[in-house]
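Okay, so the sequence shown: first residue is 1 according to full-length UniProt numbering, each after it adds one.
Yeah, the Cβ is synthetic: ideal placement off N, Cα and C, and Gly gets one too.
None of these values were measured; they are calculated from a predicted model.
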Amino acid sequence: MEVAPCISQIASLLAEPKRTAMLWALMDGSAKSPVELATLAGLSPTSANAHLARMTAGGLLRVEARRGKRLFRVAAPDVSAAIDALARTTMACVARSAPGVTAAALVAPPLLRHARLCHGHLGGELGAQLYQHLLEAGWIERYELRTDITVKGAQHLAGLGIFIQALASPLVCSCFDWSQQQPHLGGALGAGLLQLFLQSNWISVINESQALQVHAIGQREIARFTLAG
């Protein structure tokens with residue numbers, strides 16, 4: 001049998017709630033001191049340092065020296081993506097185990113909650129708002145099991161340089177947002193709009209994390225994105 005990746009080593013690091021609390025606090029791309037992380041996780045400084053050393057040795061965190069102080073941040077974008085995927089899976093498992101019961105939204109750092117990457121498209125409050133704007137403007141239609149781009153939507157998107165004939169499948173889908181408890185836009189259209197927003201410098205990635213910085217012009221332009229329609 002081929003040797004499988006030792007997933008259990010990473011899983012064991014994430015299995016400790018105090019360690020995941022510290023990782024979760026760094027998901028917005030910030031760098032924090034051991035004292036800050038100890039306070040956030042409700043740990044003594046000695047205990048926090050032991051946990052941070054294990055996560056650093058395991059490749060989940062990296063250490064930066066700044067003005068003689070040690071700061072910790074998430075080691076790489078794939079670590080943030082994995083933790084984000086676990087957050088989505090957690091919410092999905094709760095929904096399956098208790099159908100009809102609305103799970104409490106996970107409390108995320110404000111920047112992550114406002115706007116973040118999700119499978120290459122825009123998630124968070126901004127993503128959910130954009131999805132609703134597209135529905136209200138008639139650019140997309142939502143059915144029970146699918147979401148479609150309308151003729152009106154295709155015409156306006158073409159004017160923005162996004163041609164649905166050139167997009168991969170699925171063209172568009174409703175992606176459930178774990179922090180908002182409502183959909184945001186997924187599929188090839190979601191990815192295309194994210195690239196448009198990045199190239200227009202309306203948003204930018206924060207320190208290779210999942211969090212997105214929404215610039216003032218981006219807040220305005222995305223808010224009125226469908227008004228012309």
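If I measure Cβ to Cβ from residue i and keep anything under 6 Å in the same chain, skipping five residues before and after, which residues do I get?
i      : result
Ala188 : Leu167, Ala168, Leu171
Gly123 : Arg116, Asp177, His184
Gly186 : His121, Cys173, Cys175
Ala41  : Lys18, Ala21, Met22
Ile206 : Gly29, Gln213
Measure the alpha-carbon distance for residue i versus residue j and round it to whole angstroms.
i           : j      : result
Val79       : Ala87  : 13 Å
Met47       : Pro77  : According to the sequence displayed, residue 47 carries Ser and not Met. In a straight line, the C-alpha of Ser47 is about 26 Å away from that of Pro77.
Arg70       : Val35  : 10 Å
Ala65       : Leu37  : 16 Å
Ile164      : Ala154 : 7 Å
Gly127      : Arg220 : 14 Å
Ser8        : Ala158 : 47 Å
Ala200      : Arg142 : According to the sequence provided, residue 200 is Ser. The question's Ala does not apply to it. Going from the Cα of Ser200 to the Cα of Arg142 covers about 28 Å.
residue 271 : Lys152 : With the chain running from 1 to 229 in the structure shown, residue 271 is simply not present.
Ile217      : Ile149 : 26 Å
Ile162      : Gly58  : 42 Å
His51       : Ile203 : 34 Å
Arg223      : Leu194 : Rather than Arg, the amino acid found at residue 223 in this sequence is Ala. For Ala223 and Leu194, the distance between alpha carbons rounds to 14 Å.
Ser33       : Ser179 : 26 Å
Gln129      : Gly68  : 42 Å
Cys6        : Thr39  : 31 Å
Tell me, please, whether the CB atom of residue i is closer than 7 Å to any CB atom in chain D?
i      : result
Gly159 : Within the model displayed, chain D is absent; a lone protein chain is all it includes.
Report yes if the C-beta of residue i is less than 6 Å from at least one heavy atom of the ligand FMN; otherwise report no.
i      : result
Phe225 : Looking at this structure, you won't find the ligand FMN or any other ligand, since it has none at all.
Strictly by DSSP, which residues pair up with residue i?
i      : result
Cys173 : Gly186
Asp148 : Glu141
His156 : According to DSSP, which records beta bridges pairwise, His156 is partnered with nothing at all.
Gln213 : Ser204
Leu117 : Leu122
Starting from residue i, trace the alpha helix (DSSP H) in both directions and tell me its first and last residue.
i      : result
His133 : 124-137
Arg113 : 110-114
Lys18  : 17-25
Gln9   : 7-14
Ser30  : No alpha helix (DSSP H) contains Ser30, which DSSP labels as neither H nor E.
Thr46  : 45-57
Provide the residue span of the beta strand (DSSP E) that contains residue i, from first to last.
i      : result
Ile222 : Here Ile222 belongs to no beta strand (DSSP E); instead the alpha helix (DSSP H) covers 216-223.
Leu61  : 61-66
Leu71  : 69-74
What does a CB cutoff of less than 8 Å around residue i pick up in its chain, not counting 5 residues either side in sequence?
i      : result
Glu136 : Thr226
Between residue i and the rest of its own chain, which residues show a CB-CB distance below 7 Å, the 5 nearest in sequence each way excluded?
i           : result
Arg160      : Rather than Arg, the amino acid found at residue 160 in this sequence is Leu. For Leu160, where only same-chain residues beyond five positions count, the Cβ hits under 7 Å are Leu196.
Glu144      : none
residue 298 : The requested residue 298 is not part of the displayed model; the chain covers only 1 to 229.
Lys75       : Just to set this straight, residue 75 is Ala in the shown sequence, not Lys. The answer, listed in chain order, is Gly59, Leu60, Leu61, Arg62.
Asn49       : Pro34
Would you say the stretch 16-33 touches the stretch 196-210, given that touching needs at least three Cβ pairs under 8 Å? yes
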